[in-house]
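Here this note's numbering = 1-based position in the sequence shown + 937.
Where a beta carbon is used, it is the ideal one built from N, C-alpha and C, also for glycine.
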Amino acid sequence: MPDGIPVILDGKFGDIANTAMHYAQFAYDVVGADAVTVNPYMGADAVVPFARSGKFVFALAKTSNQSAVQDAVLQSGEPVSDFTARMLADLDTTHGNIGLVAGATNAAALGRLRQLCPSQWFLVPGIGAQGGDLASVMKAGLLADGGGLLINASRIIWQAEDAAAAARELMNEINEHRTVTA
């Protein structure tokens, strides 16, 4: 990969602290990733080893697949995704480099996560082939400065007849929605 192009290793790592530390070494020191995705459902121990200085962590909060357990409701009445988002917001307060994976297939849930995590970056899969609506996602999750969302669109680009043109078209559409309100 050329220098200056950030690499996100979408490994969805999630294990106890000692094992997570070794996964982080693999992701950052062997692969050379700049960021990773992690599964936080084993708690902070699964996330913190990846929160290295100069790197970034995106932790699953509300994924784009319909069968995800994040929609389950805790005894408190709170969805698992909201509980997870609050944990990740607390971790980000300490580390400053922890964002969320928030699927584009449910813009209302993404908006709720934005309320819980008002300054964190979201990695947003599900635009295009999975049916996520870009305009709704941008409205629900964009920060006032026009940032805060990293839109991940894979199939609509790599399956296009002209991948470069599809990428440019998506970039232009994203930029149309990035109205700065600050």
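query: For Thr1118 and Leu1086, I'd like the C-alpha separation in whole angstroms.; result: Here the model assigns Thr1118 a pLDDT of 49, short of 50, so the residue's position is not dependable, and the following value carries that caveat. Approximately 15 Å, taken between the alpha carbons.
query: Whether or not the stretch 1024–1034 and the stretch 1048–1055 are in contact is what I'm after, with contact meaning three or more pairs of Cβ atoms, one per stretch, closer than 8 Å; do they touch?; result: yes
query: From the DSSP output, in three-state form, read off Lys1076 for me.; result: helix
query: Starting from Leu997, follow its DSSP beta bridges and name the residues at the other end.; result: Val1038
query: Hey, could you find the ends of the beta strand (DSSP E) Ile1088 is sitting in?; result: 1086–1088
query: Which residue or residues does DSSP assign as beta-bridge partners of Thr1030?; result: BP columns for Thr1030 are empty, so no partner.
query: Between Gln1003 and Met938, what straight-line distance do the alpha-carbon atoms span, to the nearest angstrom?; result: 33 Å
query: Applying the criterion that 16 or more other CB atoms from any shown protein chain within 10 Å of the CB defines a buried residue, is Asn1109 buried or exposed?; result: exposed
query: For the putative contact between Gly1036 and Gln1057, defined by C-beta atoms under 8 Å, what is the C-beta separation to the nearest angstrom?; result: 5 Å
query: Within the same chain, show all residues whose beta-carbon is closer than 6 Å to that of Gln1007, passing over the 5 residues directly before and after it, in chain order.; result: Lys999, Val1017, Ser1018
query: Which same chain residues end up closer than 6 Å to Phe987 when comparing Cβ atoms and leaving out the 5 residues on each side of it in sequence?; result: Ala961, Val973, Val975, Val994
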